[in-house]
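Let me begin by presenting the structure, written as structure tokens, before commenting on it.
In our numbering, the protein residues as written are 16 to 392.
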């Protein structure tokens with residue numbers, strides 16, 4: 016009886032829903048000043064108008080955002096860099112850092128160093144369910160957990176490299192300058208500029224770019240002379256975003272000393288101690304939990320970024336456009352590394368993970384309880 020009633024109610028419910036949709040469409044039509052009797056699903060009543068020409072999504076992205084992008088990651092360390100550069104003067108940058116970015120960065124470093132230290136001590140003393148030897152009954156799970164954790168740790172180191180590459184796009188200036196970017200259209204020309212700043216008459220021509228970016232723009236000119244114009248079609252136009260401001264040597268050194276280097280040191284420490292907690296797990300369940308716990312220590316920078324920084328600072332970091340390298344800028348070696356690094360990125364990551372896995376596995380799994388090595392293990 017229940018099945019029969021359900022079958023009888025199904026057509027009624029479909030008609031009821033259709034009626035509701037029709038009434039909603041009629042009300043919207045009257046609000047727009049349309050006559051209900053002219054409404055129809057016939058395509059003859061609609062006309063599509065093209066907006067621009069057809070485009071390839073990848074080519075359009077390269078045109079708008081450029082190629083060989085250098086993007087600043089989003090976490091508490093990089094937010095401190097952007098917050099410093101966004102100020103008009105060094106005094107304003109110092110005050111803003113003291114009140115907004117320095118405390119979250121210091122707290123993040125303290126939390127990561129503390130958790131890494133006790134993680135290392137716990138593995139050394141076999142705390143909890145940790146064992147003196149590696150889990151040998153489930154080697155596939157052991158290798159999988161170790162490789163996943165090592166891969167994420169290497170990804171964190173790669174993020175630090177991205178921040179380094181982003182900073183290298185900026186020239187050096189004597190005084191603090193507010194962060195300014197400039198977009199260019201890289202178009203191949205019959206006679207590419209040489210970047211010498213001299214006319215044929217021998218008189219020096221004043222540069223249209225600040226001193227901080229003259230060298231970078233000369234690199235663009237050299238890359239175009241090196242064959243980029245021939246590789247690109249005459250109608251091929253690509254976006255290039257470059258810094259228009261510079262970074263003082265003191266600010267650059269502070270970024271590395273107080274942000275990037277502590278970030279890298281903590282990552283390496285968590286990689287070493289976390290791999291021990293994964294390999295020395297007493298059972299399968301603890302292996303997964305230890306892997307997740309070690310990853311949490313790695314990602315504390317993102318947690319404090321989302322929790323402790325105001326929305327205005329986070330928006331300034333998230334809204335930055337990518338900076339770009341072009342052609343053979345930086346030399347043939349750098350150009351080849353960028354090219355083949357992009358083509359074989361997956362295999363490079365797999366190979367690097369395997370290379371790091373081997374010494375970590377043999378260190379934690381070959382330690383014995385002898386008096387000579389008990390301290391090292």
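Even glycine gets a Cβ: it sits at the ideal position worked out from N, Cα and C. Please read these numbers as outputs of a predicted model, since none were measured by experiment.
- Taking 8 Å as the cut-off, the Cβ atoms of residue 63 and residue 315 do not count as close.
- Ranking 68, 255, 161 by CA distance to the CA of residue 288 puts 161 first.
- Between residue 86 and residue 320, the beta carbon gap of about 16 Å keeps them out of contact (Cβ cut-off 8 Å).
- DSSP, read as helix, strand or coil, puts residue 329 in helix.
- The Cβ atoms of residue 282 and residue 122 do not sit closer than 8 Å to each other.
- Measuring C-alpha to C-alpha distances from residue 263 to each of 192, 332, 304 identifies 192 as the nearest.
- Less than 8 Å separates the beta-carbon of residue 274 from that of residue 96.
- A contact is defined here as three or more CB-CB pairs under 8 Å, and the region 151-170 meets this definition with respect to the region 367-380.
- About 5 Å separates the beta carbons of residue 295 and residue 146, which is inside the 8 Å limit, making them a contact pair.
- The beta carbons of residue 292 and residue 134 sit closer together than 8 Å.
- Per DSSP, reduced to three states, the secondary structure at residue 138 is helical.
- Separation of the CB atoms of residue 261 and residue 186 is rounded to 5 Å, and the pair is thereby assigned contact status at 8 Å.
- Between residue 111 and residue 255, the alpha-carbon positions lie close to 30 Å from each other.
- A straight-line Cα-Cα distance of about 30 Å links residue 348 and residue 72.
- Straight through space, the alpha carbons of residue 333 and residue 102 are spaced by roughly 17 Å.
- Taking the Cα of residue 380 as reference, the smallest distance to any Cα among 94, 139, 132 is reached at 139.
- Beta-bridge partners assigned by DSSP to residue 254: 200.
- Closest in alpha carbon position to residue 94, among 310, 335, 150, is 335.
- The residue among 266, 337, 83, 280 with its C-alpha nearest the C-alpha of residue 175 is 280.
- For residue 339, the pairing in a beta bridge is given by DSSP as 84.
- Residue 99 sits away from residue 338, with the two beta carbons spaced by 8 Å or more.
- Membership of residue 68 in any alpha helix (DSSP H) is not indicated, and neither H nor E is assigned to it by DSSP.
- For the options 367, 318, 365, 303, the alpha carbon positioned closest to that of residue 150 is the one of 303.
- Going by beta carbons, residue 328 and residue 114 fall outside the 8 Å limit.
- The Cβ atoms of residue 297 and residue 144 lie closer than 8 Å to each other.
- Rounded to the nearest whole angstrom, the C-alpha separation of residue 267 and residue 277 is 15 Å.
- Residue 261 sits in a strand when the DSSP states are folded into three classes.
- Here residue 305 is buried, its C-beta having at least 16 other C-beta atoms within 10 Å.
- When 117, 159, 108 are compared, the shortest CA-CA separation from residue 194 is found for 108.
- Contact annotation: residue 284 and residue 131 have beta-carbon atoms nearer than 8 Å.
- Of 200, 201, 190, 300, the smallest CA-CA separation from residue 265 is found for 190.
- In the DSSP annotation of this structure, the continuous segment of the alpha helix (DSSP H) that includes residue 154 starts and ends at 154-183.
- If you draw a straight line from the Cα of residue 352 to the Cα of residue 358, it is about 10 Å long.
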